[in-house]
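Q:
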Amino acid sequence: MPIEAIANPEKGLLGRIRIATTQLSRAERQVAEFLLQKPHDVVSMPIRVLAQACQVSEPTVVRFSLSMGFDGFKAFKLAFAKSLATGIPYLHLDVNQADPVRDVLPKVFDRTIAALMEARNSANTAAFEAAVQLLARAKRIECYGLGYSGALAVDAQLKFFRFGIPTTVFCDAHLQAQSATLLNKDCVVVAFSRTGRTRDMLRNVQLAKNTGAKVLVLCASNGPLAQLADVHLSIDVEEDPDIYTPMTSRLAHLTYIDALAVAVTLVRGPEAITMLERAKASISELRLGA
292 MPIEAIANPE KGLLGRIRIA TTQLSRAERQ VAEFLLQKPH DVVSMPIRVL AQACQVSEPT
352 VVRFSLSMGF DGFKAFKLAF AKSLATGIPY LHLDVNQADP VRDVLPKVFD RTIAALMEAR
412 NSANTAAFEA AVQLLARAKR IECYGLGYSG ALAVDAQLKF FRFGIPTTVF CDAHLQAQSA
472 TLLNKDCVVV AFSRTGRTRD MLRNVQLAKN TGAKVLVLCA SNGPLAQLAD VHLSIDVEED
532 PDIYTPMTSR LAHLTYIDAL AVAVTLVRGP EAITMLERAK ASISELRLGA
């Protein structure tokens with residue numbers, strides 16, 4: 292039986308495979324990891340050669356294809372080749388200790404570009420439109436983030452207050468909890484989290500929901516925070532936060548914030564555009580001339 296989250300057609304196939312690695316059997320995981328490391332090699336491989344390269348049996352490759360939601364290896368291989376043809380390669384280019392310093396910059400750029408392109412092609416446009424409507428109708432917006440996600444919440448507040456909607460930001464769990472209890476059905480909480488599994492964030496979002504406030508969540512799929520959302524914008528980016536500060540997922544979040552700000556301005560019409568112009572004019576005299 293295919294795994295539901297993996298078989299979601301709105302996800303890019305490479306992204307679905309990456310998410311699948313934690314849900315597959317050990318042998319099927321070997322197939323997934325080989326596909327992610329050498330995607331272009333797989334396109335020309337018959338099932339026998341792929342099985343040998345992955346050090347598994349041919350039936351294991353077939354079972355992997357079924358787990359991914361396809362009728363068999365042939366159907367999977369066609370879809371996999373098509374996903375590569377879209378120009379969204381999976382670049383396994385994380386920096387490691389053996390790399391010379393000169394390789395760090397291009398690796399980080401290439402990894403980031405690939406992650407953003409994958410996020411773009413796997414975006415759920417229906418969820419994005421629902422998020423825009425939620426923000427456009429709000430009477431008050433509160434942005435929540437903890438730890439590194441706090442910087443995302445601050446960026447969102449800096450963008451969203453210019454809609455002319457009262458907008459605040461809370462990056463402290465205790466302040467979030469107190470503020471959440473004072474909201475009402477006309478308010479929207481925008482919650483940021485990389486994993487969607489932070490206990491304090493889960494508690495505070497639930498407190499906001501108890502007041503009738505709507506909740507927009509930007510986080511990874513399949514976490515408990517996503518389940519609490521009225522609207523969930525899924526951001527699935529692979530990185531190793533145990534070694535490096537989350538980078539590519541943060542950039543994906545920031546891109547979503549920019550897109551939401553632009554779209555809400557369009558939806559709210561001339562009044563919102565006028566407010567943006569006034570806000571920009573207020574600081575123009577603070578800049579030196581050319």
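Residue numbering for the sequence shown is 292 to 581, as defined by my numbering.
We treat Cβ as the ideally placed atom computed from N, Cα and C, and that holds for glycine.
Classify Arg578: buried if its beta carbon has 16 or more other beta carbons within 10 angstroms, exposed otherwise.
A: It is exposed - the Cβ of Arg578 has fewer than 16 other Cβ atoms within 10 Å.
Q: Where do the N-terminal and C-terminal ends of the alpha helix (DSSP H) with Tyr547 fall, by residue?
A: Residues Thr539 to Arg559.
Q: Could you tell me the alpha carbon to alpha carbon distance between Leu407 and Ser374, rounded to whole angstroms?
A: About 15 angstroms.
Q: Measure the CB-CB distance between Val445 and Val460 and report whether it falls below 8 angstroms.
A: Cβ distance < 8 angstroms, so Val445 and Val460 count as in contact.
Q: Please confirm whether Thr539 and Arg402 have their CB atoms less than 8 angstroms apart.
A: A contact, by the Cβ cut-off of 8 angstroms.
Q: For Lys571, which of helix, strand or coil comes out of DSSP?
A: Helix, per DSSP.
Q: Using only CA atoms, which one of Ala464, Glu576, Ala471 and Leu509 lies nearest to Asp491?
A: Among Ala464, Glu576, Ala471 and Leu509, the Cα nearest to that of Asp491 is on Ala464.
Q: Going by the DSSP bridge assignment, what does Glu433 pair with across the sheet?
A: Paired residues: Thr459 and Val480.
Q: Expressed to the nearest angstrom, what Euclidean distance is found between the alpha-carbon atoms of Leu493 and Phe364?
A: For Leu493 and Phe364, the distance between alpha carbons rounds to 40 angstroms.
Q: Rounded to the nearest angstrom, what separates Leu516 and Gly560 at their Cα positions?
A: Each residue's alpha carbon lies about 32 angstroms from the other.
Q: Only counting the same chain, and skipping five residues up and downstream in sequence, which positions put a Cβ closer than 8 angstroms to that of Met566?
A: Contacts found: Arg453, Phe454 and Gly455.
Q: Can you have a look at His383 and say buried or exposed, based on whether 16 or more other CB atoms are within 10 angstroms of its CB?
A: Only weak support exists for where His383 lies, its pLDDT of 43 falling under 50; the value from the coordinates is given anyway. Exposed: under 16 other Cβ atoms inside 10 Å.
Q: Report buried or exposed for Pro330, applying the criterion of at least 16 other Cβ atoms within 10 angstroms of its Cβ.
A: Classification of Pro330: buried, given that the 10 Å Cβ count is 16 or more.
Q: Apart from the five residues just before and just after Ala370, which ones in its own chain have a Cβ nearer than 7 angstroms to its Cβ?
A: Cβ within range, chain order: Leu304 and Phe361.
Q: Compute the beta-carbon to beta-carbon distance between Val347 and Gln328, rounded to the nearest angstrom, for a pair I have assumed lies under 8 angstroms.
A: Wrong, their Cβ atoms sit about 15 angstroms apart, outside the cutoff.
Q: Give the C-beta separation of Thr458 and Cys434 to the nearest angstrom, bearing in mind that I take them to be a contact with Cβ-Cβ under 8 angstroms.
A: About 7 angstroms separates the two Cβ atoms, so the contact holds.
Q: Select from Ser512, Leu426 and Leu443 the residue whose C-alpha is nearest the C-alpha of Val479.
A: The option with the nearest alpha carbon to Val479 is Leu426.
Q: Along the beta strand (DSSP E) that carries Leu507, what are the first and last residues, could you check?
A: It spans Lys505 to Cys510 - the beta strand (DSSP E) in which Leu507 sits, taken as one unbroken run.
Q: Which value, in whole angstroms, describes the spacing of the CA atoms of Ser316 and Ser358?
A: Going by the C-alpha atoms only, they are around 10 angstroms apart.
Q: Please list the terminal residues of the continuous beta strand (DSSP E) segment that includes Leu524.
A: Note, Leu524: beta strand (DSSP E), Val522 to Ser525.
Q: Using CA coordinates, which residue listed in Arg309, Gln469 and Phe367 is at the minimum distance from Asn596?
A: Any answer about residue 596 is impossible in this case: the structure gives the chain only from 292 up to 581.
Q: How close, in whole Å, do the beta carbons of Leu326 and Ile308 come, if the pair is a contact with beta carbons under 8 angstroms?
A: At roughly 6 angstroms, the Cβ-Cβ gap stays under 8 angstroms, so Leu326 and Ile308 are in contact.
Q: Determine the DSSP secondary structure at Thr416, reduced to helix, strand or coil.
A: Three-state result, Thr416: helix.
Q: Please name the residue, chosen from Ala482, Leu542, Tyr547 and Lys430, that lies closest to Ile404 on a Cα-to-Cα basis.
A: That would be Leu542, whose Cα lies nearest to the Cα of Ile404.
Q: Counting only the same chain and skipping the five closest in sequence on each side, list residues whose C-beta sits under 7 angstroms from that of Asn495.
A: Cβ neighbours of Asn495 beyond the five flanking positions: Tyr435, Ala464, Gln467, Ala468 and Ala471.
Q: Quick one: give me the first and last residue of the alpha helix (DSSP H) that Asn513 is part of.
A: Run containing Asn513: none; DSSP gives neither H nor E here.
Q: Which term fits Gly503, buried or exposed, when burial requires 16 or more other beta carbons within 10 angstroms of its beta carbon?
A: It counts as exposed.
Q: Roughly how many angstroms lie between the CA atoms of Ala511 and Leu341, to the nearest whole one?
A: For Ala511 and Leu341, the distance between alpha carbons rounds to 30 angstroms.
Q: Taking DSSP as the reference, what is the three-state secondary structure of Asp248?
A: The requested residue 248 does not occur in the structure, where the chain is confined to residues 292 to 581.
Q: Between Val260 and Phe367, what straight-line distance do the alpha-carbon atoms span, to the nearest angstrom?
A: Nothing in the structure corresponds to residue 260, since the chain is present only between 292 and 581.
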